[in-house]
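Residue numbers (full-length UniProt numbering): 1 to 361.
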Amino acid sequence: MDGVMSVTFKDVAKLAGVSTQTVSRVTNGSQDVAESTRNKVNAAIKKLGYVPNKGAQMLSRSKSTSIGLVTLDMALHGAAMIANGVRMQAHDMGYGTAFSVVSEPNLTNTREAIRELIAQQVDSIILNVPLKSADAELLVEQYQHLNLIFIDVPSNSQVNYICGDHAEGAKLAAQHLIENGRSEYLLISGPNESSASQIRLQSWLGVLADANCQIQFQHQGNWQAESGYLGIRDAVAKQIRFDAVLVASDQMALGVLRALQELQISVPDKVAVVGFDGIEDSAFFNPPLTTIKQDFTRIGQQAVRLAEKLNANSQDALLQHHIETTLLARESSQSKVTASYEKQEIEKLLKKIQSLLPESN
């Protein structure tokens, strides 16, 4: 291990047959490097066990002392909870953390965030931003000296990832509403670029099609409460009939409930609503929200453990984990008012009427 600590830029450059400036450009993720050159440099880095940061001489062992997180805006509940899980687990394992927030997630902005973290001397980075498979795989290829763990990528991506079991959770939500007698559905999904949102949407569509339920309207939201609110207003303005709303996040479901209340559409008597995420506040919505709970904190914690595993061993097989989701059934999705309930009310009225009639001899 002592030999690893003494490896320099010059050693890497010599083995790869390039200049030290080229090594610098590769380790900082610069685009103006030919792919064949980048591959040679990364191969040399791997062979020599070079730690590409200025704090290498301070490392007591050949593993990271800092975990990086590229994250969506932490005003989003899920992003904040995942970040907290990362921070807590890293602290427990004696690692520092460095965060980089990407407000508008795309490949260019994600690369910029990775470079920012490399400058802060990390060699494991967790990415909680939506990425296509090809883009995630490109990042792994480009930053071969980093351990990258993804949280929002398609499930067929050839990268290391950890995420909630979105398909199973969405299936539970749809089945719950079907069992409670709902037949006409409004679907509010998250952003198209999010694999988490796409997987939930496809799972809803599959379950509802199998049950011959009607999908009356679809609205693409952006995870924020306002987009759920606007989805309902739009559907009602178009005079869409629906008795159930499946929502891809609890924050959007909050907007859904507000719009239904304003329009005097009773929940759950007329319309049932089910969210997704299981945020703590959802129990205090009006009415309390039925939701699919995913353990964001655990996802963040497991991502750090995954980074540690990658650090300790060169993994041949990809590490891909799904964290289970569970249904929390509350008032917002209770069964429709049934005929038997109405019958009881009529019987009560008849008894009252009878008691008011004069007794016959």
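Quick reminder that beta carbons are idealized off the backbone N, C-alpha and C, glycines included.
Can you tell me whether residue i is buried or exposed, with buried defined as 16 or more other CB within 10 angstroms of its CB?
i: S266; result: exposed
i: D152; result: buried
i: K47; result: exposed
i: M93; result: exposed
i: residue 381; result: Outside the displayed range of the chain (1 to 361) lies residue 381, so it cannot be described from this structure.
i: L257; result: buried
i: N313; result: exposed
i: A83; result: buried
i: A34; result: exposed
i: N42; result: buried
i: N160; result: buried
i: L350; result: exposed
i: L260; result: buried
i: residue 362; result: Residue coverage of the chain in this structure runs from 1 to 361, which leaves residue 362 outside it and unanswerable.
i: E179; result: exposed
i: F284; result: exposed
i: L306; result: buried
i: residue 392; result: Residue numbering for the chain in the displayed model covers 1 to 361; residue 392 lies beyond these limits and cannot be assessed.
i: Q239; result: exposed
i: Q198; result: buried
May I ask you to report which of helix, strand or coil DSSP gives residue i?
i: E331; result: helix
i: Y95; result: coil
i: I232; result: helix
i: L246; result: strand
i: P102; result: What sits at residue 102 in the sequence shown is Val, not Pro. V102: coil per DSSP, three-state reduction.
i: I240; result: coil
i: L257; result: helix
i: K336; result: coil
i: Q264; result: coil
i: T108; result: helix
i: A170; result: helix
i: A136; result: helix
i: L208; result: helix
i: L72; result: coil
i: A119; result: coil
i: L356; result: helix
i: G49; result: coil
Which value, in whole angstroms, describes the spacing of the CA atoms of residue i and residue j?
i: E226; j: Q144; result: 40 angstroms
i: G278; j: P358; result: 57 angstroms
i: S333; j: D135; result: 39 angstroms
i: L310; j: Q301; result: 15 angstroms
i: A303; j: H321; result: 9 angstroms
i: T71; j: M81; result: 11 angstroms
i: I125; j: R330; result: 37 angstroms
i: A237; j: L76; result: 28 angstroms
i: T325; j: N156; result: 20 angstroms
i: N147; j: I114; result: 11 angstroms
i: A119; j: S66; result: 12 angstroms
i: N28; j: E308; result: 22 angstroms
i: D295; j: N39; result: 38 angstroms
i: residue 369; j: Q121; result: The structure shown does not extend to residue 369, since the chain is modelled only from 1 through 361, so no value can be given for it.
i: W204; j: A170; result: 6 angstroms
i: K336; j: R182; result: 8 angstroms
i: Q89; j: Q218; result: 38 angstroms
i: R298; j: G85; result: 6 angstroms
i: L263; j: K270; result: 12 angstroms
i: K293; j: T22; result: 47 angstroms
i: V274; j: D123; result: 40 angstroms
i: A79; j: Q142; result: 25 angstroms
i: I188; j: I149; result: 28 angstroms
Provide the residue(s) that pair with residue i in DSSP beta bridges, ordered along the chain.
i: S197; result: Its beta-bridge partners do not exist; DSSP assigns none.
i: N147; result: S124
i: E184; result: Q214
i: I67; result: T97 and S124
i: residue 381; result: The requested residue 381 does not occur in the structure, where the chain is confined to residues 1 to 361.
i: H161; result: Inspection of the sequence shows that residue 161 is occupied by Tyr rather than by His. According to DSSP, Y161 bridges with F150 and Q320.
i: Q220; result: S189
i: P130; result: D152
Kindly say whether residue i, judged by its beta-carbon, lies nearer than 9 angstroms to any beta-carbon of chain C.
i: I199; result: Looking at the structure shown, chain C is missing, and only one protein chain is on hand.
For residue i, is the beta carbon positioned less than 8 angstroms from some heavy atom of the ligand ZN?
i: P358; result: By its list of ligands, the structure shown contains no ligand whatsoever, and the ligand ZN lies outside what it can speak to.
Segments assigned beta strand (DSSP E), at least 3 residues, entirely inside the segment 267–333: Along the segment 267–333, the beta strand (DSSP E) occurs as fully enclosed runs of 3 or more residues at 272–274, 291–294, 320–323 and 325–328, listed in sequence order.
Secondary structure, alpha helix (DSSP H): runs of 4+ residues fully inside the segment 18–43: 20–27
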